[in-house]
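FYI, in our numbering the residues of the sequence shown are 91 to 476.
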Amino acid sequence: MGVCRHQRSVADEKYRETRDKVKLGIEDVNTRVPLQTDLSSRPTILQCAIDNNDEEFIDFLLSKEGIQINLSTRCYGTALHHAIEKGKHNIVRKLVNAGADVNAVCMSRYDFMNPLQLAIRKHQIKISEFLYLLDSDVDPNFPSNGGCNVTPLHIAIDTNNVDAVKLLLNHDNIDINRVTSNGNSVLDYAIFTDDITIVKSLLHAGIDFNKVAASYFDDSRSFCDVIPLIRRHTVKLSAANLYVMNKMLNDIIDRNQYAKNYRQKCYAEVDSMRKTKIANTNISFYDVLQKSIHAIAHFLSCINIKDDDPIYDEYELKEKFPLYSGMIYFKLNKAKQRHHLLENVDDLIFETLSRDLPYTIVRNISCFFSNRELKQLNEKIADLKK
Numbered sequence: 091m092g093v094c095r096h097q098r099s100v101a102d103e104k105y106r107e108t109r110d111k112v113k114l115g116i117e118d119v120n121t122r123v124p125l126q127t128d129l130s131s132r133p134t135i136l137q138c139a140i141d142n143n144d145e146e147f148i149d150f151l152l153s154k155e156g157i158q159i160n161l162s163t164r165c166y167g168t169a170l171h172h173a174i175e176k177g178k179h180n181i182v183r184k185l186v187n188a189g190a191d192v193n194a195v196c197m198s199r200y201d202f203m204n205p206l207q208l209a210i211r212k213h214q215i216k217i218s219e220f221l222y223l224l225d226s227d228v229d230p231n232f233p234s235n236g237g238c239n240v241t242p243l244h245i246a247i248d249t250n251n252v253d254a255v256k257l258l259l260n261h262d263n264i265d266i267n268r269v270t271s272n273g274n275s276v277l278d279y280a281i282f283t284d285d286i287t288i289v290k291s292l293l294h295a296g297i298d299f300n301k302v303a304a305s306y307f308d309d310s311r312s313f314c315d316v317i318p319l320i321r322r323h324t325v326k327l328s329a330a331n332l333y334v335m336n337k338m339l340n341d342i343i344d345r346n347q348y349a350k351n352y353r354q355k356c357y358a359e360v361d362s363m364r365k366t367k368i369a370n371t372n373i374s375f376y377d378v379l380q381k382s383i384h385a386i387a388h389f390l391s392c393i394n395i396k397d398d399d400p401i402y403d404e405y406e407l408k409e410k411f412p413l414y415s416g417m418i419y420f421k422l423n424k425a426k427q428r429h430h431l432l433e434n435v436d437d438l439i440f441e442t443l444s445r446d447l448p449y450t451i452v453r454n455i456s457c458f459f460s461n462r463e464l465k466q467l468n469e470k471i472a473d474l475k476k
C-alpha cells in the first residue's frame with residue numbers, strides 16, 4: 091500500500107509539473123508525461139488530465155489549435171478511449187464535441203475496439219447512449235477484435251449488457267444479421283449467455299431465421315433455457331408465413347403434441363390479426379408483420395394517428411395479440427420513427443419531381459434513404475425555411 095501511495099504521489103507531481111510547463115508554453119500541448127521509461131508507453135498530457143479529472147485544464151488543451159485529440163498511445167489508446175475506460179461521461183462529451191474520432195480503433199490495449207464497443211464492454215451505458223445519439227458517423231456494426239468481426243451487438247450480448255442491446259436494436263442502421271468470422275450470429279451469442287430477455291429482444295427485432303433456425307431444434311441444444319423460446323418463435327414465424335420450415339422441422343413438430351397445439355394457437359392469432367384493421371383502414375395488424383418498416387412508415391403518413399395512439403401501446407397490443415405483440419410493437423415503433431423523418435422529405439420530393447416523373451416513382455424515391463440521411467435532409471430543409 092505504501093509503495094502504491096508513493097507511486098501515485100510521484101505521478102501526481104510529474105503531472106502537475108508538466109501541466110504547468112504546458113500552460114507557460116514551455117512544453118507542447120501534445121507532450122508526454124514521463125511516467126514510464128518507454129516513450130511510446132507514456133501518456134499524453136491530455137490523457138493524464140483525464141486521469142486527474144482536471145476539466146479546466148482539459149478545456150485549455152482542447153482550445154489549442156495544435157492539439158492532437160486522436161493521438162493514440164500504447165497503454166492508454168486515444169483520449170476518448172481513456173475517458174470511456176475511466177467512466178468520465180462529461181469529459182467524453184467534451185472530447186467528442188472537440189472533434190474526437192468516434193470510430194477510432196485502439197490496436198493495443200483495447201483489442202481493436204472503437205469507443206462505442208469499449209463503452210458497451212465496460213457497461214458505460216450513459217456513454218454508449220451518448221455515442222449512439224450523436225449525429226455523427228458512429229458505426230453500430232463496426233467489426234472489432236482483430237479480424238474476428240465481432241460487432242457492438244455481439245459484445246453487448248457477450249457481456250449481458252441488456253441496456254446496450256436494446257439501444258443498438260433501435261439504431262437506424264443496425265444490421266442484426268451480421269456474423270463473426272467463425273459464423274456466429276448474435277442469436278448464437280445470446281444462446282451462449284442463455285439470457286431470455288436478450289433473446290426475446292432479438293426475436294422481436296426480426297432476426298433472419300432462414301440463416302439460423304434449423305440447428306436450434308437439435309437435441310444437443312436442449313440444455314439451454316432459451317431454446318424452447320426460440321423453437322416456439324420458429325413455429326410462430328411459420329404459422330404467419332414469415333419462415334418456411336423444411337420437412338425435418340415439420341416432422342419434428344408433427345411428432346410433438348405440445349408443438350402441434352402451439353401451432354394451432356398461432357394460426358388462431360394470425361387469423362385474428364388479419365381481421366383486425368388499423369384505424370378503419372384496409373391495413374391489418376398482420377400486414378404490419380409482412381410489410382417493410384418503410385412501407386409501414388408510409389402508411390402511417392397517410393392516416394391521422396397521434397404518437398400516443400393505442401396501436402403503439404405495448405400492453406394493449408399484448409392484450410390483443412399475446413403471441414405476436416412483441417414483433418408488432420417493435421416494427422410499429424421503428425416505423426413511427428421513420429414516419430416522422432419522412433414527412434418533410436416526401437413533401438419536398440413531391441414538390442420537386444411530381445411534374446416530371448410518374449407518381450409511383452416519386453412516391454418510392456424516399457425508400458432509398460437511410461434514417462440518418464433523412465435526418466440530414468430534414469436539417470437542410472429546416473435551414474432553408476429560416
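Beta carbons: idealized from backbone N, C-alpha and C, even for Gly.
As assigned by DSSP and simplified to three states, the class of residue i
{"i": "residue 154", "result": "coil"}
{"i": "residue 122", "result": "strand"}
{"i": "residue 367", "result": "strand"}
{"i": "residue 238", "result": "coil"}
{"i": "residue 249", "result": "coil"}
{"i": "residue 283", "result": "helix"}
{"i": "residue 296", "result": "coil"}
{"i": "residue 275", "result": "coil"}
{"i": "residue 167", "result": "strand"}
{"i": "residue 134", "result": "strand"}
{"i": "residue 291", "result": "helix"}
{"i": "residue 460", "result": "coil"}
{"i": "residue 328", "result": "helix"}
{"i": "residue 374", "result": "strand"}
Residue closest to residue i, alpha-carbon to alpha-carbon, out of the options
{"i": "residue 202", "options": "384, 228, 241, 187", "result": "241"}
{"i": "residue 174", "options": "286, 196, 121", "result": "196"}
{"i": "residue 288", "options": "259, 270, 273, 271", "result": "259"}
{"i": "residue 144", "options": "117, 102, 162, 457", "result": "102"}
{"i": "residue 368", "options": "351, 396, 341, 343", "result": "396"}
{"i": "residue 332", "options": "376, 282, 234", "result": "376"}
{"i": "residue 182", "options": "139, 163, 165", "result": "139"}
{"i": "residue 363", "options": "403, 162, 407", "result": "407"}
{"i": "residue 465", "options": "451, 427, 445", "result": "427"}
{"i": "residue 330", "options": "357, 322, 346", "result": "357"}
Contact under 8 Å by Cβ, residue i with residue j
{"i": "residue 192", "j": "residue 221", "result": "yes"}
{"i": "residue 394", "j": "residue 431", "result": "no"}
{"i": "residue 460", "j": "residue 315", "result": "no"}
{"i": "residue 243", "j": "residue 264", "result": "yes"}
{"i": "residue 280", "j": "residue 247", "result": "yes"}
{"i": "residue 518", "j": "residue 157", "result": "There is simply no residue 518 to check, as the chain begins at 91 and stops at 476 in what is shown."}
{"i": "residue 414", "j": "residue 326", "result": "yes"}
{"i": "residue 456", "j": "residue 471", "result": "no"}
{"i": "residue 249", "j": "residue 217", "result": "no"}
{"i": "residue 205", "j": "residue 170", "result": "yes"}
Contacts around residue i, its chain only, beta-carbon distance under 8 Å, and the 5 residues preceding and following it disregarded
{"i": "residue 297", "result": "266, 267, 275, 276, 277"}
{"i": "residue 391", "result": "429, 432, 433, 436"}
{"i": "residue 184", "result": "145, 148, 149, 152"}
{"i": "residue 319", "result": "286, 289, 290, 293"}
Cβ neighbour criterion (16 or more within 10 Å) applied to residue i
{"i": "residue 168", "result": "buried"}
{"i": "residue 476", "result": "exposed"}
{"i": "residue 141", "result": "buried"}
{"i": "residue 286", "result": "exposed"}
{"i": "residue 411", "result": "buried"}
{"i": "residue 421", "result": "buried"}
{"i": "residue 207", "result": "buried"}
{"i": "residue 114", "result": "exposed"}
{"i": "residue 380", "result": "exposed"}
{"i": "residue 353", "result": "buried"}
{"i": "residue 416", "result": "buried"}
{"i": "residue 178", "result": "buried"}
{"i": "residue 340", "result": "exposed"}
{"i": "residue 328", "result": "buried"}
{"i": "residue 107", "result": "exposed"}
{"i": "residue 444", "result": "exposed"}
Cβ neighbours of residue i in the same chain (closer than 6 Å, five flanking residues each side left out)
{"i": "residue 91", "result": "With a pLDDT of only 44 at residue 91, under 50, the local geometry of the prediction cannot be trusted, and no value is derived from it."}
{"i": "residue 160", "result": "168, 191, 194"}
{"i": "residue 238", "result": "270, 271"}
{"i": "residue 303", "result": "The predicted position of residue 303 is uncertain, since its pLDDT is 49 and thus under 50; a value taken from the coordinates is nonetheless stated next. Cβ within range, chain order: 324."}
{"i": "residue 172", "result": "137, 140, 166"}
Spatial neighbours of residue i in its chain, beta-carbon cut-off 7 Å, leaving aside the 5 residues before and after
{"i": "residue 124", "result": "104, 132"}
{"i": "residue 425", "result": "383, 386, 387, 390"}
{"i": "residue 401", "result": "368, 395, 422"}
{"i": "residue 233", "result": "239, 240, 241"}
{"i": "residue 474", "result": "none"}
{"i": "residue 344", "result": "350"}
beta-carbon residue i near the ligand HEM non-hydrogen atom, thresh 7 Å
{"i": "residue 389", "result": "As far as ligands go, the structure on display features none, and thus does not contain the ligand HEM."}
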